[in-house]
Amino acid sequence: MCVKVGRETMDRIKYFSESDHKNTKNLLERCQLFIGAHDAINDLVKVGTYESQIPGKPFINQNDRIKDVYFLLEGEVDILINGRGIATRCAPTHIGEMAVTDPTARRSATVVPLENCILLRIHELDFTTIANKHPRVWQNIAAEIAQRLRQRGELVDTKEVTPRIFIGSSAEYLDVAYAIQEGLLHTDISVNVWSQDCFRPSEGTLAALEREALNSDFALFIFGNEDLVISRDEKSEVPRDNVIFELGLFIGKLSSQRVYYAKEIDINLKIPTDLLGISPINYRRKNRESLSVSVQPICNKLSKMAKLHGTK
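Start counting at 1 in the sequence shown, then tack on 41, and there's your number in this note's numbering.
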């Protein structure tokens, strides 16, 4: 048997390969693929190759033509389709068997280790030969494929691939909202700007806002010093109350992880105490000509959050 290892994983590889692969066999017996076909395991370990994979580096890429089958002996991996994580697999399990069933098919997903992983790799032709010798393996693969396709249908078909961001502001700060929209124009993010003028205290507007909250993945509200309040004989600049209301509405629908507010760093605003635990995205507004540059930190933050959290 050929063995590919890094120095740091030598002991783990030895653990799985020693004593005629006893520990590997014990793990593989727990895989659904070998229900009623335990004899196939003895054939697989004779032709397999042990490999170690590091976190973050894919060992299977979507649309690849190489169709080797992997058995995850140690570690955890993420399954991605079109860049979106759809499932997480933990050892012991099998990966890549779907592509083997169709000689013309390419890889349907990318597989990325979430931690250091140890795998047993079986060449496509070797796996096919062994599965033909033990037909129950093909039956188990068919059952597994049906189950996974149902799961993918639920996760992929019902979700939008492009994150949608709702931006709310008063009329005075619409230029900032549109500058952010322009700054995200060449990203994989869809932006919907809605001004404070649209927010009427009527049932129709509230219903429309609720629909936007349900259809959005993230929301950003521009806080400005539009209003002045007097509290305990002290004057304070505050954001428009409607904008604060809508921020609360979206937090209720999307959670505080997906809703943010932005403010000019040089403006001292009186913020409701309930929002003090939420860090604002600050920007420095110099003049109209440099607005696109001023909002770049906001665009960067939104892009980072969209990549981190994805769509709902």
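Just so it is clear, CB atoms sit at the ideal spot from N, CA and C, and this is done for glycine as well. Treat the numbers as computed from the prediction; the structure is a model and nothing was measured.
Where the alpha helix (DSSP H) through residue i begins and ends
i, result
"ALA172", "165-174"
"TYR56", "51-69"
"LEU85", "80-88"
"ASP282", "282-295"
"MET348", "Before going on, a small fix: residue 348 reads as Lys here, not Met. Counting along the chain, the alpha helix (DSSP H) containing LYS348 begins and ends at 337-350."
"ILE221", "215-224"
Reference residue i, options the options, closest by Cα
i, options, result
"PHE207", "THR352, ALA78, LYS63", "THR352"
"VAL217", "ASN323, ASP258, ASP119", "ASN323"
"GLN222", "SER93, SER344, LYS348", "SER344"
"ARG162", "ILE285, ARG205, GLN94, ALA146", "GLN94"
"ASP105", "TYR91, GLY89, ILE122, LEU114", "ILE122"
"TYR214", "ARG148, VAL284, GLU253, GLU275", "VAL284"
"GLU92", "MET51, TRP179, LYS108", "MET51"
"TRP235", "VAL88, PRO133, LEU288, LYS55", "LEU288"
"GLY293", "GLU278, ALA249, ILE308, LEU255", "LEU255"
"ALA150", "HIS227, ASN157, PRO144, MET139", "MET139"
"ARG125", "GLY209, PRO204, VAL336", "PRO204"
"ARG148", "ILE306, ASP282, THR170, TYR111", "TYR111"
"TYR219", "ASN341, LEU332, SER58", "LEU332"
Residues bridged to residue i (per DSSP)
i, result
"ASN233", "PHE207"
"GLU185", "The partner list for GLU185 (beta bridge, DSSP) is empty, contrary to what the question assumes."
"ARG106", "BP columns for ARG106 are empty, so no partner."
"SER277", "VAL270"
"PHE259", "ILE206"
"GLY126", "LEU121"
"SER93", "ILE159"
"GLU115", "ILE159"
"CYS131", "GLU117"
"ILE101", "VAL152"
"LEU310", "GLU278"
Rounded distance between the beta-carbons of residue j and residue i, thought under 8 Å
i, j, result
"GLY137", "ILE159", "Contact doesn't hold; Cβ gap of about 16 Å is too wide."
"SER211", "GLU267", "5 Å"
"GLY97", "VAL152", "The pair is not a contact, with the Cβ atoms about 12 Å apart (cut-off 8 Å)."
"HIS227", "GLN298", "With 8 Å as the limit, HIS227 and GLN298 do not qualify as a contact, their Cβ atoms being about 25 Å apart."
"GLU278", "ASN309", "7 Å"
"ARG281", "ASP307", "So it is not a contact: roughly 19 Å between Cβ atoms."
Beta strand (DSSP E) segment containing residue i, residue limits
i, result
"ALA303", "300-305"
"PRO154", "151-154"
"ILE322", "322-324"
"THR145", "Run containing THR145: none; DSSP gives neither H nor E here."
"GLU135", "In the sequence as presented, Glu is not what sits at residue 135; that position holds His. Start and end: 134-136."
For the stretch 60-72 and the stretch 119-131, state whether three or more C-beta atom pairs, one from each stretch, are separated by less than 8 Å.
no
Take every Cβ of the stretch 110-128, pair it with every Cβ of the stretch 176-184, and state whether three or more of those distances are shorter than 8 Å.
Counting C-beta pairs closer than 8 Å gives fewer than three between the stretch 110-128 and the stretch 176-184, which falls short of the contact rule.
How about the stretch 77-95 and the stretch 165-184: do they share at least three Cβ pairs that are nearer than 8 Å?
yes
Hey, is the stretch 288-307 in contact with the stretch 255-269, meaning 3+ C-beta pairs nearer than 8 Å?
yes
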